[in-house]
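Data block below; observations after.
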Amino acid sequence: MKLTTGLELEFHLMDENGFLMNAAPGILNDNRSEGLLYDEAANTQVEINSDPAESIAELHEGLLQKINLVEGILSDHNVLASPFAIENGAGKGTQLKNTNRFGQYESIIGESKKDLLLGISGTHLHQSQIHGKKLEQYWLLQSLDSLSYATTSTSPIFRNGINNINNYRILSTRHGAFKNFPLHGQLQDYPKNLEEINVMNQARYLDWLSKAENKTNFETHFAPDNTGYHPIRKRDHIGPTGTFEIRSFDIAPLNYLLASAALYKGATKSMTERDIPVEITKKDLDYKFSKDKIVLPNIDTLRFFESEAIKYGLKSKHVSDYLRAVLNFSEQGLSKEDAMYLTPIREMLDTKLNPSSLIMQHMRDRGYQGHHFNPEQSAKANLYVRNLHENSLRERIY
(Lines of atoms letter the chains of each structure in order from A and count residues from 1; the text may use other names and numbers.)
(Lines give C-alpha, C1' and ligand atoms only; values in the text may rest on other atoms or scores of the structure.)
Protein backbone atom coordinates (compact mmCIF):
# COMPACT_ATOMS: atom_id res chain seq x y z
CA MET A 1 0.00 0.00 0.00
CA LYS A 2 1.32 3.46 -0.93
CA LEU A 3 2.32 6.01 1.68
CA THR A 4 -0.42 8.59 2.23
CA THR A 5 -0.36 12.04 3.82
CA GLY A 6 -3.19 14.05 5.33
CA LEU A 7 -3.32 17.44 7.04
CA GLU A 8 -5.53 19.03 9.69
CA LEU A 9 -5.38 22.84 9.49
CA GLU A 10 -6.50 25.09 12.36
CA PHE A 11 -7.24 28.67 11.24
CA HIS A 12 -7.88 31.81 13.26
CA LEU A 13 -10.86 34.00 12.38
CA MET A 14 -10.45 37.77 12.23
CA ASP A 15 -11.97 40.98 10.94
CA GLU A 16 -10.62 43.23 8.20
CA ASN A 17 -8.44 45.03 10.76
CA GLY A 18 -6.68 41.87 11.94
CA PHE A 19 -8.52 41.46 15.25
CA LEU A 20 -9.86 38.07 16.27
CA MET A 21 -13.57 37.39 15.90
CA ASN A 22 -15.63 34.92 17.92
CA ALA A 23 -17.38 33.99 14.70
CA ALA A 24 -17.04 30.21 14.67
CA PRO A 25 -20.56 29.35 15.95
CA GLY A 26 -22.33 31.23 13.17
CA ILE A 27 -19.99 29.88 10.51
CA LEU A 28 -20.30 26.29 11.71
CA ASN A 29 -24.09 26.64 11.72
CA ASP A 30 -23.98 27.58 8.04
CA ASN A 31 -25.25 24.52 6.13
CA ARG A 32 -22.37 24.83 3.68
CA SER A 33 -19.87 24.16 6.48
CA GLU A 34 -21.12 20.63 7.18
CA GLY A 35 -18.38 18.11 6.42
CA LEU A 36 -16.02 20.94 5.49
CA LEU A 37 -15.33 22.84 8.71
CA TYR A 38 -14.91 21.56 12.26
CA ASP A 39 -14.93 23.36 15.58
CA GLU A 40 -11.96 23.95 17.84
CA ALA A 41 -11.55 24.87 21.51
CA ALA A 42 -12.18 28.59 20.92
CA ASN A 43 -14.85 30.46 19.01
CA THR A 44 -12.08 32.25 17.12
CA GLN A 45 -10.95 29.06 15.36
CA VAL A 46 -12.11 26.54 12.77
CA GLU A 47 -10.45 23.45 11.32
CA ILE A 48 -10.18 22.14 7.76
CA ASN A 49 -9.17 18.51 7.16
CA SER A 50 -7.71 17.18 3.94
CA ASP A 51 -8.43 13.78 2.50
CA PRO A 52 -5.50 11.33 2.58
CA ALA A 53 -3.40 11.72 -0.55
CA GLU A 54 -0.75 9.56 -2.23
CA SER A 55 1.05 12.59 -3.69
CA ILE A 56 1.72 16.11 -2.48
CA ALA A 57 0.23 17.40 -5.72
CA GLU A 58 -3.00 15.54 -4.93
CA LEU A 59 -2.91 16.88 -1.35
CA HIS A 60 -2.43 20.40 -2.73
CA GLU A 61 -5.33 20.17 -5.15
CA GLY A 62 -7.72 18.75 -2.56
CA LEU A 63 -6.85 21.32 0.08
CA LEU A 64 -7.04 24.17 -2.38
CA GLN A 65 -10.58 23.21 -3.31
CA LYS A 66 -11.66 23.03 0.33
CA ILE A 67 -9.94 26.25 1.39
CA ASN A 68 -11.47 28.15 -1.52
CA LEU A 69 -14.93 26.88 -0.54
CA VAL A 70 -14.27 28.01 3.03
CA GLU A 71 -13.09 31.41 1.80
CA GLY A 72 -16.47 31.86 0.11
CA ILE A 73 -18.39 30.94 3.26
CA LEU A 74 -16.31 33.24 5.44
CA SER A 75 -16.71 36.11 2.99
CA ASP A 76 -20.48 35.88 3.33
CA HIS A 77 -20.03 36.22 7.11
CA ASN A 78 -17.58 39.15 6.74
CA VAL A 79 -14.83 37.08 8.33
CA LEU A 80 -11.26 36.40 7.24
CA ALA A 81 -9.19 33.29 7.97
CA SER A 82 -5.50 33.70 8.72
CA PRO A 83 -2.92 30.97 9.44
CA PHE A 84 -1.08 32.37 12.44
CA ALA A 85 -0.31 30.01 15.31
CA ILE A 86 -0.96 32.27 18.32
CA GLU A 87 -3.52 35.05 18.57
CA ASN A 88 -0.62 37.54 18.50
CA GLY A 89 -1.92 39.85 21.19
CA ALA A 90 -4.69 41.03 18.89
CA GLY A 91 -7.56 39.19 20.50
CA LYS A 92 -10.52 40.94 22.11
CA GLY A 93 -12.40 38.74 24.53
CA THR A 94 -11.66 35.36 23.00
CA GLN A 95 -14.46 33.00 23.96
CA LEU A 96 -13.58 29.50 25.09
CA LYS A 97 -15.90 26.67 24.19
CA ASN A 98 -16.68 24.48 27.17
CA THR A 99 -16.19 21.35 25.12
CA ASN A 100 -16.29 17.93 26.68
CA ARG A 101 -12.58 17.49 26.00
CA PHE A 102 -11.08 20.93 26.55
CA GLY A 103 -13.32 21.51 29.55
CA GLN A 104 -11.41 18.79 31.40
CA TYR A 105 -8.06 20.55 31.21
CA GLU A 106 -8.60 23.02 34.05
CA SER A 107 -9.04 20.29 36.67
CA ILE A 108 -6.05 18.37 35.30
CA ILE A 109 -3.34 20.93 34.47
CA GLY A 110 -4.77 24.00 36.23
CA GLU A 111 -6.49 27.15 34.98
CA SER A 112 -3.36 29.17 34.22
CA LYS A 113 -1.81 26.29 32.27
CA LYS A 114 -5.06 25.64 30.42
CA ASP A 115 -5.20 29.29 29.37
CA LEU A 116 -1.82 28.86 27.64
CA LEU A 117 -3.56 26.50 25.21
CA LEU A 118 -6.26 29.02 24.33
CA GLY A 119 -5.73 30.68 20.98
CA ILE A 120 -3.12 28.16 19.81
CA SER A 121 -3.47 26.96 16.21
CA GLY A 122 -1.38 24.23 14.63
CA THR A 123 -1.23 21.75 11.81
CA HIS A 124 -1.40 17.99 12.31
CA LEU A 125 0.17 15.77 9.67
CA HIS A 126 -1.08 12.20 9.35
CA GLN A 127 1.27 9.75 7.67
CA SER A 128 0.10 6.20 7.05
CA GLN A 129 1.93 3.55 9.04
CA ILE A 130 4.20 1.27 7.02
CA HIS A 131 3.84 -2.42 7.80
CA GLY A 132 7.09 -3.97 8.96
CA LYS A 133 8.75 -0.55 9.39
CA LYS A 134 6.56 1.15 11.99
CA LEU A 135 9.22 1.52 14.67
CA GLU A 136 11.86 2.89 12.31
CA GLN A 137 9.23 5.17 10.77
CA TYR A 138 8.31 6.51 14.21
CA TRP A 139 11.99 7.08 15.04
CA LEU A 140 12.52 9.00 11.82
CA LEU A 141 9.45 11.17 12.34
CA GLN A 142 10.52 11.90 15.91
CA SER A 143 13.99 12.88 14.72
CA LEU A 144 12.45 15.54 12.44
CA ASP A 145 10.67 17.28 15.33
CA SER A 146 12.47 20.63 15.28
CA LEU A 147 12.17 20.87 11.50
CA SER A 148 8.38 20.79 11.66
CA TYR A 149 8.16 24.15 13.41
CA ALA A 150 11.42 25.59 12.06
CA THR A 151 9.84 25.47 8.59
CA THR A 152 6.28 26.52 9.53
CA SER A 153 6.62 28.85 12.53
CA THR A 154 4.08 31.68 12.55
CA SER A 155 4.22 32.42 16.28
CA PRO A 156 6.94 35.04 16.89
CA ILE A 157 4.49 37.14 18.93
CA PHE A 158 2.85 35.91 22.11
CA ARG A 159 -0.67 36.98 23.04
CA ASN A 160 0.68 39.68 25.38
CA GLY A 161 2.64 41.22 22.51
CA ILE A 162 6.06 39.95 23.61
CA ASN A 163 8.18 39.13 20.55
CA ASN A 164 11.72 38.02 21.36
CA ILE A 165 11.83 34.42 20.05
CA ASN A 166 10.91 32.63 16.82
CA ASN A 167 8.23 30.24 18.10
CA TYR A 168 6.00 30.83 21.10
CA ARG A 169 3.58 28.02 20.27
CA ILE A 170 6.01 25.21 21.06
CA LEU A 171 7.45 27.05 24.05
CA SER A 172 4.08 27.84 25.62
CA THR A 173 2.64 24.35 25.11
CA ARG A 174 5.56 22.06 25.87
CA HIS A 175 7.31 24.14 28.51
CA GLY A 176 4.39 26.21 29.77
CA ALA A 177 1.10 24.32 29.75
CA PHE A 178 2.80 20.94 30.16
CA LYS A 179 5.72 21.98 32.34
CA ASN A 180 4.48 19.63 35.07
CA PHE A 181 3.39 16.91 32.62
CA PRO A 182 6.46 16.19 30.46
CA LEU A 183 5.17 12.78 29.38
CA HIS A 184 2.01 14.43 28.04
CA GLY A 185 3.55 17.31 26.14
CA GLN A 186 7.33 17.16 25.75
CA LEU A 187 9.87 15.24 23.73
CA GLN A 188 10.63 11.82 25.21
CA ASP A 189 13.45 9.44 24.34
CA TYR A 190 12.99 7.18 21.33
CA PRO A 191 10.82 4.14 22.15
CA LYS A 192 12.70 0.84 22.13
CA ASN A 193 9.74 -0.97 20.57
CA LEU A 194 6.16 -0.35 19.49
CA GLU A 195 4.75 -1.71 22.73
CA GLU A 196 6.59 1.01 24.64
CA ILE A 197 4.53 3.59 22.71
CA ASN A 198 1.34 1.84 23.83
CA VAL A 199 2.59 1.71 27.42
CA MET A 200 3.30 5.46 27.41
CA ASN A 201 -0.15 6.13 25.94
CA GLN A 202 -1.77 4.12 28.72
CA ALA A 203 0.33 5.90 31.36
CA ARG A 204 -0.78 9.31 30.05
CA TYR A 205 -4.40 8.25 30.04
CA LEU A 206 -4.43 6.75 33.53
CA ASP A 207 -2.55 9.71 35.01
CA TRP A 208 -5.07 12.20 33.67
CA LEU A 209 -8.02 9.97 34.53
CA SER A 210 -6.88 10.01 38.15
CA LYS A 211 -6.85 13.83 38.11
CA ALA A 212 -10.03 14.45 36.10
CA GLU A 213 -12.87 16.13 37.97
CA ASN A 214 -15.54 14.28 35.98
CA LYS A 215 -14.16 10.80 35.39
CA THR A 216 -17.20 9.56 33.47
CA ASN A 217 -16.92 12.45 31.04
CA PHE A 218 -13.19 11.88 30.73
CA GLU A 219 -13.61 8.19 29.93
CA THR A 220 -16.21 9.08 27.29
CA HIS A 221 -14.09 11.64 25.43
CA PHE A 222 -10.52 10.51 25.99
CA ALA A 223 -8.67 7.35 24.99
CA PRO A 224 -5.04 6.25 25.43
CA ASP A 225 -4.17 7.22 21.85
CA ASN A 226 -5.57 10.79 22.06
CA THR A 227 -4.61 11.90 25.57
CA GLY A 228 -2.02 14.67 25.87
CA TYR A 229 -0.16 17.01 23.53
CA HIS A 230 2.93 14.88 22.89
CA PRO A 231 4.60 15.46 19.49
CA ILE A 232 3.49 12.23 17.77
CA ARG A 233 0.39 10.13 18.32
CA LYS A 234 0.19 6.54 17.14
CA ARG A 235 -3.35 6.30 15.76
CA ASP A 236 -3.86 2.65 14.87
CA HIS A 237 -7.57 3.02 14.08
CA ILE A 238 -7.36 5.82 11.51
CA GLY A 239 -7.47 4.61 7.92
CA PRO A 240 -6.70 1.10 6.66
CA THR A 241 -3.15 1.06 8.05
CA GLY A 242 -3.32 3.43 11.01
CA THR A 243 -1.44 6.71 11.00
CA PHE A 244 1.27 8.54 12.86
CA GLU A 245 -0.12 11.96 13.73
CA ILE A 246 2.63 14.58 13.96
CA ARG A 247 1.27 17.51 15.96
CA SER A 248 4.22 19.90 16.14
CA PHE A 249 3.73 22.03 13.01
CA ASP A 250 2.46 25.59 13.36
CA ILE A 251 -0.41 26.57 11.11
CA ALA A 252 1.12 28.45 8.19
CA PRO A 253 0.42 29.53 4.60
CA LEU A 254 -0.25 26.55 2.39
CA ASN A 255 3.04 26.63 0.47
CA TYR A 256 5.01 26.14 3.70
CA LEU A 257 2.74 23.33 4.90
CA LEU A 258 3.01 21.47 1.60
CA ALA A 259 6.79 21.88 1.64
CA SER A 260 6.98 20.37 5.12
CA ALA A 261 4.62 17.56 4.14
CA ALA A 262 6.86 16.81 1.16
CA LEU A 263 9.94 16.84 3.40
CA TYR A 264 8.39 14.27 5.74
CA LYS A 265 7.06 12.12 2.93
CA GLY A 266 10.35 12.04 1.03
CA ALA A 267 12.39 11.17 4.09
CA THR A 268 10.06 8.31 4.99
CA LYS A 269 9.98 6.93 1.45
CA SER A 270 13.77 7.16 1.09
CA MET A 271 14.23 5.17 4.27
CA THR A 272 11.55 2.52 3.80
CA GLU A 273 11.66 1.86 0.06
CA ARG A 274 15.44 1.46 0.07
CA ASP A 275 15.33 -0.54 3.30
CA ILE A 276 18.10 1.63 4.76
CA PRO A 277 19.24 0.53 8.23
CA VAL A 278 18.54 3.01 11.03
CA GLU A 279 20.38 3.56 14.28
CA ILE A 280 20.26 6.16 17.03
CA THR A 281 23.62 7.64 17.88
CA LYS A 282 24.96 8.10 21.39
CA LYS A 283 27.11 11.06 20.33
CA ASP A 284 25.77 14.58 20.66
CA LEU A 285 25.19 16.57 17.45
CA ASP A 286 25.83 13.46 15.35
CA TYR A 287 23.58 12.42 12.46
CA LYS A 288 23.78 11.01 8.95
CA PHE A 289 21.28 10.50 6.13
CA SER A 290 22.65 8.47 3.23
CA LYS A 291 21.66 5.64 0.91
CA ASP A 292 23.67 3.22 3.04
CA LYS A 293 22.85 4.25 6.59
CA ILE A 294 20.69 6.56 8.68
CA VAL A 295 22.09 7.79 11.99
CA LEU A 296 19.48 9.70 13.97
CA PRO A 297 20.33 12.37 16.57
CA ASN A 298 20.05 11.28 20.19
CA ILE A 299 17.40 12.72 22.52
CA ASP A 300 19.76 15.35 23.96
CA THR A 301 20.46 16.63 20.46
CA LEU A 302 16.75 16.65 19.61
CA ARG A 303 16.09 18.78 22.70
CA PHE A 304 18.95 21.09 21.76
CA PHE A 305 17.54 21.46 18.24
CA GLU A 306 14.14 22.17 19.79
CA SER A 307 15.59 24.98 21.90
CA GLU A 308 17.48 26.43 18.94
CA ALA A 309 14.42 26.34 16.67
CA ILE A 310 12.24 27.96 19.34
CA LYS A 311 14.70 30.80 19.85
CA TYR A 312 16.13 31.36 16.39
CA GLY A 313 14.24 29.36 13.77
CA LEU A 314 16.39 28.73 10.71
CA LYS A 315 18.85 31.42 11.76
CA SER A 316 20.28 28.69 13.99
CA LYS A 317 23.15 27.11 12.06
CA HIS A 318 22.57 23.84 13.89
CA VAL A 319 18.93 23.68 12.76
CA SER A 320 19.56 24.86 9.20
CA ASP A 321 22.46 22.42 8.74
CA TYR A 322 20.25 19.59 9.99
CA LEU A 323 17.43 20.65 7.67
CA ARG A 324 19.81 20.71 4.71
CA ALA A 325 20.93 17.14 5.43
CA VAL A 326 17.34 15.91 5.69
CA LEU A 327 16.27 17.87 2.60
CA ASN A 328 18.91 16.25 0.40
CA PHE A 329 17.88 12.82 1.67
CA SER A 330 14.16 13.53 1.36
CA GLU A 331 14.37 14.70 -2.24
CA GLN A 332 15.64 11.27 -3.26
CA GLY A 333 12.35 9.72 -2.13
CA LEU A 334 10.04 12.02 -4.08
CA SER A 335 8.76 12.06 -7.63
CA LYS A 336 9.88 15.02 -9.73
CA GLU A 337 6.45 16.59 -9.33
CA ASP A 338 6.36 16.24 -5.54
CA ALA A 339 9.97 17.38 -5.18
CA MET A 340 8.94 20.75 -6.62
CA TYR A 341 6.98 21.40 -3.43
CA LEU A 342 10.27 21.55 -1.50
CA THR A 343 11.06 24.92 -3.10
CA PRO A 344 10.03 27.03 -0.07
CA ILE A 345 12.42 25.02 2.10
CA ARG A 346 15.27 25.58 -0.33
CA GLU A 347 14.48 29.29 -0.30
CA MET A 348 14.36 29.37 3.50
CA LEU A 349 17.75 27.69 3.68
CA ASP A 350 19.14 30.39 1.40
CA THR A 351 17.62 33.32 3.31
CA LYS A 352 17.38 31.75 6.80
CA LEU A 353 13.94 33.39 7.00
CA ASN A 354 11.02 31.18 8.00
CA PRO A 355 7.48 32.64 8.22
CA SER A 356 8.07 33.99 11.75
CA SER A 357 11.22 35.76 10.59
CA LEU A 358 9.28 37.27 7.68
CA ILE A 359 6.58 38.47 10.08
CA MET A 360 9.13 40.19 12.29
CA GLN A 361 10.94 41.65 9.29
CA HIS A 362 7.61 43.09 8.12
CA MET A 363 6.92 44.57 11.54
CA ARG A 364 10.35 46.17 11.77
CA ASP A 365 9.95 47.55 8.25
CA ARG A 366 6.73 49.23 9.43
CA GLY A 367 8.72 50.93 12.18
CA TYR A 368 7.46 48.75 15.05
CA GLN A 369 10.48 48.37 17.30
CA GLY A 370 11.12 46.80 20.69
CA HIS A 371 10.13 43.45 22.17
CA HIS A 372 6.52 44.35 22.91
CA PHE A 373 3.76 45.14 20.42
CA ASN A 374 0.43 46.65 21.39
CA PRO A 375 -2.78 44.97 20.12
CA GLU A 376 -3.12 47.31 17.15
CA GLN A 377 0.43 46.55 16.05
CA SER A 378 -0.06 42.81 16.55
CA ALA A 379 -3.16 42.98 14.38
CA LYS A 380 -0.94 44.23 11.55
CA ALA A 381 1.06 41.02 11.86
CA ASN A 382 -2.16 39.02 11.49
CA LEU A 383 -3.00 40.93 8.33
CA TYR A 384 0.46 40.28 6.93
CA VAL A 385 0.04 36.53 7.50
CA ARG A 386 -3.35 36.78 5.82
CA ASN A 387 -1.59 38.29 2.80
CA LEU A 388 0.90 35.40 2.74
CA HIS A 389 -2.07 33.02 2.94
CA GLU A 390 -3.79 34.65 -0.04
CA ASN A 391 -0.59 34.51 -2.07
CA SER A 392 -0.15 30.81 -1.27
CA LEU A 393 -3.61 30.04 -2.64
CA ARG A 394 -2.66 31.59 -5.97
CA GLU A 395 0.52 29.54 -6.35
CA ARG A 396 -0.38 26.46 -8.34
CA ILE A 397 2.96 24.65 -8.36
CA TYR A 398 6.53 25.63 -7.76
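Quick note on numbering: our numbering labels position 32 of the sequence shown as 32, and the sequence is numbered without any gaps.
Each residue gets a CB set at the ideal place from its N, CA and C atoms; glycine is no exception.
Just so you know, these numbers come straight off a predicted model, no measurement behind them.
Item                                                                                                     : Value
Boundaries of the alpha helix (DSSP H) in which I294 is found, first to last residue                     : Counting along the chain, I294 falls outside any alpha helix (DSSP H), though it belongs to the beta strand (DSSP E) covering I294 to L296.
Short Cβ contact (9 Å threshold) for H124 with E306                                                      : no
Which residues DSSP lists as bridging L20, in chain order                                                : M14
Rounded Cβ spacing between A262 and L342 (contact assumed at less than 8 Å)                              : 5 Å
Inter-stretch contact at 8 Å, needing at least 3 Cβ pairs: the region 114 to 121 / the region 324 to 331 : no
Assigned secondary structure, I280 (DSSP; H/G/I helix, E/B strand, else coil)                            : strand
Length at least 4, wholly inside the region 52 to 134: the alpha helix (DSSP H) runs in chain order      : 56 to 76, 105 to 109 and 111 to 115
Buried versus exposed call for N166 [16 or more other C-beta atoms within 10 Å across all chains shown]  : buried
Paired residues, beta bridge with V46 - DSSP                                                             : F11 and D39
Start and end residues, alpha helix (DSSP H) containing I232                                             : Not the alpha helix (DSSP H): I232 falls in the beta strand (DSSP E), residues I232 to R235.
Where K269 sits in the DSSP three-state scheme                                                           : helix
Within 9 Å, strictly: CB atoms of I56 and D338                                                           : yes
CA-to-CA distance, D207 to I345, given in whole angstroms                                                : 39 Å
The region 183 to 199 / the region 216 to 232 touching (three or more Cβ pairs under 8 Å)                : yes
Closest residue to N226 among A203, N214, P240 and S210 (Cα-Cα distance)                                 : A203
M14 burial status per 10 Å Cβ neighbour count (16 or more: buried)                                       : buried
C-alpha distance - L144 paired with E34, whole-angstrom precision                                        : 34 Å
Top-ranked residue by Cα proximity to M360, from G313, L334 and E331                                     : G313
Bounding residues of the alpha helix (DSSP H) (the contiguous stretch that carries D300)                 : I299 to Y312
Segments of 4+ residues assigned as alpha helix (DSSP H) that fall wholly inside the region 153 to 187   : 168 to 172 and 182 to 185
Local conformation of S378 per DSSP, three classes                                                       : helix
DSSP bridge partner residues for E245 (one or two, in chain order)                                       : H126 and R233
Buried or exposed (CB count within 10 angstroms, at least 16 for buried), I79                            : Just to set this straight, residue 79 is Val in the shown sequence, not Ile. Per the 10 Å Cβ criterion, buried.
Endpoints, the alpha helix (DSSP H) within which D189 is located                                         : Run containing D189: none; DSSP gives neither H nor E here.
Own chain, CB closer than 8 Å to D286, minus 5 neighbours either side, in chain order                    : V295, P297, N298 and T301
Cutoff 6 Å; reference L147; Cβ partners in own chain excluding five residues on either side              : L323
Reduced DSSP category for D365 - H, G, I as helix; E, B as strand; rest coil                             : helix
Burial state of K269 (16 or more Cβ within 10 Å)                                                         : buried
Residue burial classification, N374 (beta-carbon count within 10 angstroms, cutoff 16)                   : exposed
Nearest-angstrom beta carbon gap, A90 and G176 [assumed within contact, 8 Å]                             : Not a contact, Cβ separation roughly 20 Å.
Contact check, F84 vs V46, beta carbons under 9 Å                                                        : no
Which of helix, strand or coil DSSP assigns to K288                                                      : strand
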